[in-house]
Structure formats: structure tokens, C-alpha cells
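Just add 211 to the spot in the sequence shown (first one is 1) and you have my numbering.
Where a beta carbon is used, it is the ideal one built from N, C-alpha and C, also for glycine.
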Amino acid sequence: MQKVAVVTGSAQGLGAAMAQALADQGFTLVVHYRRSRDKAQEILRQVQKKADRSIAVQGDLANQK
212 MQKVAVVTGS AQGLGAAMAQ ALADQGFTLV VHYRRSRDKA QEILRQVQKK
262 ADRSIAVQGD LANQK
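In C-alpha cells form, the structure reads like this:
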């Protein structure tokens, strides 16, 4: 079974560090970002070296609409 983790706010800071640590542990990542697309793409490139099926997803999780 494949391990998948969704890390919200993973484009920078603690979220980015968590995403990288989870990739090191064999997780496929969903790299979430709200506005920091370029930073999220960089984190995605880094985690894809260990988890090539990882993806980036944009979304405002504060908006309930």
C-alpha cells in the first residue's frame, strides 16, 4: 500500500520541512499552497526526487464556499 500525505501550506516554512521529511520516509506528497506557486513548485521538484508521483495543488482552505 502506498503512503500518501497532504501537507497544507507546504510551500514554505514548517510545511515545506514536513513535506520533505515525509518524502524522506517514503510518502507520496500532495504539496498544497495558496499563493506561493513558485515556492510550491520548488518544493515539489525536491520531493519528487524521492516520491516521483507527488503533486502540487493550489487552494484557499480558509474559504468555505
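Boundaries of the beta strand (DSSP E) harbouring ALA216: 215 to 218, taken from the DSSP string. Note on the segment 241 to 272: whole beta strand (DSSP E) runs with a minimum of 3 residues are 266 to 269, in chain order. Following the DSSP letters along the chain, one finds GLN231 inside the alpha helix (DSSP H) bounded by residues 224 to 235. One Cα belongs to THR239, the other to SER265, and the distance between them is close to 5 Å.
Taking C-beta atoms under 8 Å as the contact rule, GLN231 and GLN257 qualify, at a distance of about 6 Å. Note that the C-beta distance between ALA251 and VAL242 is below 7 Å.
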